[in-house]
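Undergrad: Counted from 1, the sequence shown has number 193 at position 204 by our numbering; the numbering is strictly sequential.
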Amino acid sequence: MKDWKIVHRFEAVPDLPVLAEVDVLVIGGGAAGVAAADTAGRMGKNTWLIEKYGFCGGAAVAGLSGTICGMYMASDDPDAQPEQVVFGFTERFRQALADKGGVTGPQRYGKTYTVTHDPLMWREVADDFLEQAGVTTLFHTAVTGVIMDGDVFEGVVIESNAGQSVILAKMIVDASGDAAVIARAGMGHYFGDNGRIQNPTMFFRIAGVDMDKYLEYYGDDTICPPKVTENILAANQQDDYDLPRHKIWIFPTTRPGELMVNATRLAGQDGRVLNVIDPQDFTEAEVFGRRQVRGYAKFLNNYVPGCEEAYVVDTGVEVGIRQTRSIVGVETLTNDDVVNCRKRKDGICRTPWPIELHSGDKPKLHWLLDDYYDVPFNTLVPVVGENIIVAGRCLSAEHEALASARVTAQCFEYGHAAGIAAVKAIDENKRIRDLKGEDIRSTMTENGSAL
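1) Which residue or residues does DSSP assign as beta-bridge partners of N251?
2) Would you check if there are 3 or more beta carbon pairs closer than 8 angstroms linking the region 294 to 301 to the region 175 to 185?
3) V370: which of D210, G181, G426 and A24 sits nearest, CA to CA?
4) Distance check for T340 and E389, CA to CA, integer angstroms please.
5) Whose CA, out of D167, S154, R112 and D138, lies closest to the CA of G374?
6) With DSSP as the reference, label S431 as helix, strand or coil.
7) I'd like the list of long-range same chain contacts for G99, defined as Cβ closer than 7 angstroms, with 5 residues on each side in sequence excluded.
8) Let's see if you can read the secondary structure: which residues bound the beta strand (DSSP E) around P365?
9) Let me know the alpha helix (DSSP H) ranges lying completely inside the region 169 to 196, each 4 residues or longer, listed in chain order.
10) Quick one: what's S447 bridged to in DSSP?
11) Could you tell me which whole beta strand (DSSP E) segments of length 3 or greater appear in the region 93 to 123?
12) Just checking my contact of E219 with L322 at CB under 8 angstroms: how many whole Å lie between their CB atoms?
13) Which full runs of the alpha helix (DSSP H) of 4+ residues lie inside the region -6 to 77, going along the chain?
14) For F(-1), is the classification buried or exposed, using 16 other Cβ atoms within 10 angstroms of its Cβ as the cut-off for buried?
15) Pick from G22, G55, G33 and K89: whose alpha carbon is nearest that of Q96?
16) For N150, does the count of other Cβ atoms within 10 angstroms reach 16, so buried, or fall short, so exposed?
17) From what residue to what residue does the alpha helix (DSSP H) around G284 run?
18) Between S438 and Y61, what straight-line distance do the alpha-carbon atoms span, to the nearest angstrom?
19) Tell me, to the nearest whole angstrom, how far the beta carbon of V301 is from that of F192; I am working on the premise that it is less than 8 angstroms.
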């Protein structure tokens, strides 16, 4: 097998056709990738997007996470109304969903709020955005190699049922969520806290719910009340229940009589932490995730009023992935940055979301009350590597910090920033690392971001 990364571009691929030479190439069609591609396309660049599935959405759609978390401030005041502090591309996309009836209004989530979206409409809005921005999208296509000139990214090798080919690009946005392009080039990355990462989960939806009866029992907070946790513990005393997570979250959707459920906790059958970069771990998570879904669905039928006749509509196409690789960035978002709500002149996104750490039998939440922190631009820039920037959950962040910074509203804005940076680097003939975060922030503000 050829080692693509150590040879020059045309020496590396003498026997593969060059499919295209583009300005901006975005890898991954999740929230960050759609935002990056839309932004670069609207700024006039020849932009292509590569996505392994037949639709965009990433963790929000394939993983069925189903919410746009991270838009609203948190407060200890039980009467506090939703206060939105993240706008820009995030708000454009939310509004487009709302125009289709594809997103709920704000729902209580502990001390803050979130909204639930329709995953099918999410795909359609993404299709519309990319088409209107003039982006060329290739679904059912995967990156299998990178083309390097030293530390400079010059393109990628892609593979589909049509075979292998090459796309050469002036700038690449790695929005894979897994830092897949960075890792293929052998650039610096790490996994969580000395290899310990957050648990994946298998989201699912149930229909046939008597919503009035359900809400009267469960309440309007999507985080379960103590009586539900007590019932899960009671059910686990019976031989036919095995419910490893005791604090679950349930969200009413845009569809009548339907709930989206975040309840499963997936670990290896030997108790190890599953890392879905490993296909064996990924497979184990999928198989046992679906089995856990049936267990929690049975619990809802038997213990939660209004859910007696409910049935599983679907699960995620893949498990919900919270964390895999993080890049070694020019700058790292620290745990102290988050808990102290640090503001930055080079910040490209406000984040009011709590540290939401999924490890063990229940999530751990550290709330940021009546405040937010800024994510600095250089957390998206790898410490080594030119012509590339990342967007999404693989930004450079410490373990607990990432448990706050990884959510959908923020990923939209990371993509927004990455798209602007890629275009500026081309137009100004600069390395991405030589761009100023303040300038990226200024353009984002012009585009409607609140910074």
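Glycine is no exception: its CB is placed at the ideal position from the N, C-alpha and C atoms. This structure is a prediction, so every number in the text was calculated from the model and none was measured.
TA: The relevant details are as follows:
1) Taking the sequence shown and counting its residues from 1, the one referred to as residue 251 is at position 262. Looking at the DSSP assignment, N251 forms a beta bridge with W238.
2) no
3) As a working mapping, residue 370 is identified with position 381 in the sequence shown. From the listed residues D210, G181, G426 and A24, the smallest Cα separation to V370 is found for G426.
4) Translated into the one-based positions of the sequence shown, residue 389 becomes position 400. Translated into the one-based positions of the sequence shown, residue 340 becomes position 351. Spanning the two alpha carbons is a distance of roughly 14 angstroms.
5) Along the sequence shown, one-based indexing puts residue 374 at 385. When each option's Cα is compared against that of G374, the closest is D138.
6) Against the sequence shown, residue 431 aligns to sequence position 442. Note: S431 maps to helix in three-state DSSP.
7) Looking up residue 99 in the sequence shown gives position 110. So the list reads D210, I212 and L354, once near-sequence residues are dropped.
8) Translated into positions along the sequence shown, residue 365 becomes position 376. Run containing P365: Y362 to P365, per the beta strand (DSSP E) assignment.
9) 169 to 173
10) With the chain covering only -10 through 440, there is no way to say anything about residue 447.
11) Listed in chain order, the complete beta strand (DSSP E) runs (minimum 3 residues) inside the region 93 to 123 are 96 to 98 and 101 to 105.
12) Position 230 of the sequence shown, counting from 1, holds the residue named residue 219. Position 333 of the sequence shown, counting from 1, holds the residue named residue 322. Their Cβ separation, rounded to whole angstroms, is 37 angstroms, which puts E219 and L322 out of contact at 8 angstroms.
13) -2 to 1, 20 to 31 and 47 to 50
14) Within the sequence shown, numbered from 1, the residue matching residue -1 stands at position 10. Low per-residue confidence applies at F(-1): pLDDT is 46, beneath 50, and the placement is therefore not dependable, though the value from the model is reported in the following sentence. With fewer than 16 Cβ atoms within 10 Å of its Cβ, F(-1) is classed as exposed.
15) Residue 96 sits at position 107 when you count from the first residue of the sequence shown. Closest option to Q96, Cα to Cα, is G55.
16) Here residue 150 corresponds to residue number 161 of the sequence shown, with the count starting at 1. Classification of N150: exposed, given that the 10 Å Cβ count is below 16.
17) Along the sequence shown, read from residue 1 onward, the residue named residue 284 stands at position 295. G284 -> alpha helix (DSSP H) spans P268 to Y292.
18) The residue you call residue 438 lines up with position 449 of the sequence shown. The residue you call residue 61 lines up with position 72 of the sequence shown. Their backbone Cα atoms lie some 14 angstroms apart in a straight line.
19) Position 312 of the sequence shown holds residue 301. Position 203 of the sequence shown holds residue 192. Under the criterion of beta carbons closer than 8 angstroms, V301 and F192 do not qualify as touching, at roughly 11 angstroms.
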